[in-house]
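First the structure, in the form of structure tokens, and then the observations on it.
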Amino acid sequence: MAQRTFHILTFGCQMNVNDSAWLSRSLQQRGFTETTLDKAGVIILNTCSVRDKPEQKVYAALGRIKYETRHTPGAFAVVAGCVAQQIGSGFFDRFAQVRLVVGGDGLAMAPDAIERLCHERNLRLNLTDFSEVYPERDPALPASGGSIPPVAYVNIMQGCDNFCAYCIVPFTRGRQKSRDASAILDECRALIANGAKEITLLGQNVNAYGLDGHATNAPSFAELLRQVAALPGLARLRFVTPHPKDLSPEVIAMFGELPNLCPRLHLPLQAGSDRVLARMGRKYDMARFLHLVDALRAARPDIALSTDLIVGFPGETEEQFQETLDAVRRVNFMSSFSFCYSDRPGTAASRILDKVPHAEKLHRLERLQAVQEELSAQWLSQKVGCQTELLLEGTSRRQDTGNGESWQGRDPWGDTVNVVLPSGTGAVGQLLPVRITGARKHSLIGEVLQS
Ligand code: SF4
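Using my numbering, the letters of the sequence shown correspond one by one to residues 562 to 1012.
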């Protein structure tokens, strides 16, 4: 029998981080203990296929797992997430230590499967079928009064129907399936009862919530925001990742209406050229995107916008890339995640022959990131002198103050703020009024004001 200890390695997006946190809680409720990789009986690799060379990264990690667990009797590996969905039982042929592969929809069944595998030594299981409805799962939270991080995440859907030309998500996570609103609200209430102060609603195309017809009596996404925001004890609400084509006037209005909906929106632009956007299959153009930006700023003048950008999409010319630089400056994004385009198997873009040379993609990425660094630095420096509210998330790794404890948290715009508190006075989940006194490259420094 394998030891009832586990270790999780997580790659990729916030949905994977959230899935790993759930799996960890669920296994602990069954009596498993979380431990280091070299001592674990069950090693779970929660994978992502959005970025470059995902399979190679998983194969390398499996090699490392095999080496690290060589002294642990009966140890086995579980591959979960998008790469598991893509490769499926192919993992069993190549890696003897893999005994479970589990896709996004199968994850709800993973704890039961892991129990079985601990007892049945020769068993291997493949849970990569897509389900017809949202795969509901017990949130594995204490009834109330337990302790969880103050910043929590709640899935409201699974999958995506958009088939953007470069993206593998509709293949690895399946078609969009919205979750019942009652289950979402119950999970939010349970998280708040256990100490959550901030909740982020998660979905690959979060603002298309309810449009797929899978959830029973699904409210509109705007109405769902209103219902979650009204839950007693919730200080902050966010959502990610919205699609510009589905950002309705009603959702935009929520930024003006709901005081606890944070003034920060991550709105993926991907490219600033209409021709590239059309080839990407994004279903909006720059005029539509800029209209959304204006409407968001009218609803909430202090809203900050961040984005995702791809450079070197097949066929992208230097002029079209320049349009992305112009768009980034014009919108004045506070931050962005930017990447060089790379092929994903089976996607429409992978079949376009007119690829941009790798060196050119890197050159464009460098120029884009230089512009963004300038804008991000301006964003942080203009906050110096402002008063805001900080949600404490934990002590800082560096404790070099000499006269107190260094703590870190985030302001409503999602910026990291560092403060020094008298020793023993800080607590995770505290909301504190602060004045920003300085800006570093990627974070802010603050001082606590008397409340
Ligand atoms: S909206 Fe496009 S980029 Fe986002 S998950 Fe769906 S297919 Fe991928």
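No residue lacks a Cβ here, since even glycine has one placed at the ideal position from N, Cα and C.
Alpha-carbon spacing of residue i relative to residue j, whole angstroms
i: L785; j: E697; result: 18 Å
i: D1025; j: R591; result: Shown here, the chain extends from 562 to 1012; a query on residue 1025 therefore has no answer.
i: F782; j: S743; result: 13 Å
i: G665; j: T998; result: 43 Å
i: D741; j: V712; result: 22 Å
i: F653; j: S587; result: 25 Å
i: A757; j: G990; result: 8 Å
i: A888; j: P805; result: 15 Å
i: F800; j: R1001; result: 26 Å
i: L853; j: V812; result: 11 Å
i: V981; j: T949; result: 16 Å
i: F567; j: M670; result: 17 Å
i: T761; j: T608; result: 21 Å
i: Q589; j: R625; result: 24 Å
i: G667; j: A920; result: 40 Å
i: R891; j: M847; result: 11 Å
i: Q658; j: F637; result: 5 Å
i: I871; j: G764; result: 20 Å
i: G642; j: R797; result: 28 Å
i: V640; j: I605; result: 6 Å
i: A622; j: I569; result: 12 Å
Residue i beta carbon near the ligand SF4 (any heavy atom closer than 7 Å)
i: N766; result: yes
i: V995; result: no
i: P810; result: no
i: F724; result: yes
i: C721; result: yes
i: C823; result: no
i: H514; result: Since the first residue of the chain shown is 562 and the last is 1012, residue 514 is not available in this structure.
i: C609; result: no
i: C728; result: yes
i: H804; result: yes
Same chain, Cβ closer than 6 Å to residue i, five either side skipped, listed in chain order
i: W940; result: M895
i: S739; result: M718, Y770, G771, D773, H775, A776, A779
i: Y845; result: P805, K806
i: G817; result: A860, R861
Beta-carbon separation (whole angstroms), residue i vs residue j, contact threshold 8 Å
i: G955; j: E884; result: Rounded, the Cβ-Cβ distance is 41 Å, inconsistent with contact.
i: I709; j: N755; result: 5 Å
i: L746; j: V789; result: 7 Å
i: T633; j: K600; result: 7 Å
i: W974; j: S957; result: That belief does not hold up - the Cβ atoms of W974 and S957 are roughly 19 Å apart, past 8 Å.
i: Y727; j: F882; result: Going by Cβ atoms, the distance from Y727 to F882 rounds to 16 Å, so no, they are not a contact pair.
i: V644; j: V603; result: Incorrect: roughly 18 Å between the Cβ atoms, too far for contact.
i: H827; j: S867; result: 5 Å
Counted within 10 angstroms of its Cβ, other Cβ atoms place residue i as buried (16 or more) or exposed
i: G794; result: exposed
i: S942; result: exposed
i: S809; result: exposed
i: E877; result: buried
i: K614; result: exposed
i: Q646; result: buried
i: T986; result: exposed
i: A628; result: A small fix is needed here, since residue 628 is Tyr in this sequence, not Ala. So Y628 ends up on the exposed side.
i: S984; result: exposed
i: T597; result: exposed
i: Q831; result: buried
i: R612; result: exposed
Proximal residues to residue i (C-beta, below 7 Å), its chain only, five neighbours per side dropped
i: N687; result: G649, S650, V662
Distance cut-off 7 Å: residue i Cβ against heavy atoms of the ligand FAD
i: P731; result: Absent from the structure shown: the ligand FAD. Ligands present: the ligand SF4.
Sequence-distant residues of the same chain with beta carbon closer than 8 Å to residue i, five excluded per side
i: A988; result: L953
i: L886; result: G833, R928, L929, V932
i: N964; result: V981
i: N821; result: A790, L795, A796, R797, L798
i: L926; result: V872, G873, S899, F900, C901
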